[in-house]
Amino acid sequence: MIQPLAYIHPQAKIANNVVIDPFVTIHKDVEIGEGTWIGSNVTIMDGARIGKNCRIFPGAVISAIPQDLKFKGENTQAVLGDNTTIRECVTINRGTKDRWRTEVGSNCLLMAYCHVAHDCVIGDNCIFSNNTTIAGHVTIGNYVVLAGMVAIHQFCNIGSHTFVTGGSLVRKDVPPYVKAAREPLSYAGINSVGLRRRGFSDDKINEIQDIYRTLFIKNSNVTKAMAIIEADFRPTEERDEILNFIQSSQRGIMKGFGNS
């Protein structure tokens with residue numbers, strides 16, 4: 313159902329059962345999947361690719377051009393996965409020629425006033441609380457929870473299954489499976505509550521905890537701790553994910569609280 317007071321460019325590709333409320337504006341190069349609801353006063357600009365069964369609440373702006381002075385009008389996109397909810401006044405900018413797209417995965421919830429800048433890649437099943445601000449070129453894994461008013465520096469990476477506490481300033485990479493808190497941002501244990509909710513066994517949680525004790529608690533430098541972890545812990549998917557994340561970090565990882 314499309315309200316007559318909405319403006320939809322005739323070349324926009326809208327599935328048959330999309331609901332569009334009054335005063336919505338949808339530009340030319342837009343695709344919207346089946347079952348999606350677009351609330352009043354939403355603006356969806358060129359380059360938007362919105363999946364099935366999404367909900368976009370009033371005041372949101374999807375796929376505006378990047379707030380990047382290097383942007384020269386390239387043909388880029390902002391992509392939303394299926395079953396994702398975008399609450400009031402969220403802004404998601406499209407990409408630049410760096411990655412050519414900004415991407416938010418499936419089954420995500422972005423609460424009111426969040427901002428996702430150009431060239432961010434966000435995984436599935438993420439929850440970002442109110443006023444979370446993500447600068448350009450940030451990569452965020454699956455099942456990441458960011459509490460209210462988190463601000464993430466450009467080019468940072470956030471590992472999967474991570475929880476970042478409210479009001480945190482993220483300037484370094486945050487490895488997977490951890491809780492991050494304090495100022496400067498530091499290791500605050502593993503995200504055991506989140507891991508149990510997602511079916512991780514106690515043995516697996518203990519393994520992850522032992523790895524991070526070696527890295528953050530035993531006062532080894534990162535290079536030495538990595539060597540110890542590789543030698544003392546048998547290869548598992550979680551161990552290798554942690555090691556690969558740290559080895560590939562460009563900005564460096566956050567420190568243990570005692571080393572901050």
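The opening position of the sequence shown corresponds to residue 313 in our numbering, with each subsequent residue numbered one higher.
All C-beta atoms, glycine included, are put in the ideal place defined by N, C-alpha and C.
As computed with DSSP, I434 is found in a beta bridge with V416 and I452. The DSSP-derived three-state label of E343 is strand.
Remark: three or more beta-carbon pairs, one from each stretch, lie closer than 8 Å, so the segment 426-437 and the segment 374-385 are flagged as touching. Comparing alpha carbon positions, the residue from N328, S418, G568 and D341 closest to G501 is G568. Exclusion of the five residues before and after G564 leaves K484 as the residues of its chain whose Cβ lies within less than 6 Å of its Cβ.
Taking a cut-off of 8 Å for Cβ pairs, the segment 322-332 and the segment 348-368 touch, as three or more such pairs fall below it. Ranked by Cα distance from A424, the first of A492, V456 and R367 is R367. K364 is positioned such that its CB atom lies closer than 7 Å to that of G345. If you draw a straight line from the Cα of Q521 to the Cα of H321, it is about 53 Å long. With respect to the 7 Å criterion, I541 and I523 are classified as neighbours on the basis of their beta carbons.
Here P547 is exposed: its Cβ has fewer than 16 other Cβ atoms, across all protein chains shown, within 10 Å.
By the 16-neighbour rule on beta-carbons within 10 angstroms, Y499 is buried.
Excluding the 5 residues flanking it on each side, G393 has same chain C-beta neighbours closer than 6 Å at G363, G417 and S418, in chain order.
With a minimum length of 3 residues, the unbroken runs of beta strand (DSSP E) contained wholly in the segment 338-404 fall at 360-362, 373-376 and 389-392. The alpha carbon of T388 has as its nearest neighbour, out of R551, D410 and R399, the alpha carbon of D410. Apart from the 5 residues on each side of it in sequence, C401 sits with its Cβ closer than 7 Å to the Cβ of G371, A372, A424 and Y425 in its chain, given in chain order. A500 has no beta-bridge partner at all, per DSSP. Each residue's CA atom was taken as its position, placing R361 and H473 some 26 Å apart. By the Cβ-count criterion, S513 is exposed, with fewer than 16 other Cβ atoms from all chains shown falling within 10 Å of its own Cβ. Under the DSSP assignment, V490 falls in the beta strand (DSSP E) whose first and last residues are V490 to A493. In the assembly as shown, A390 is a buried residue. Its beta-carbon has 16 or more other beta-carbons within 10 Å.
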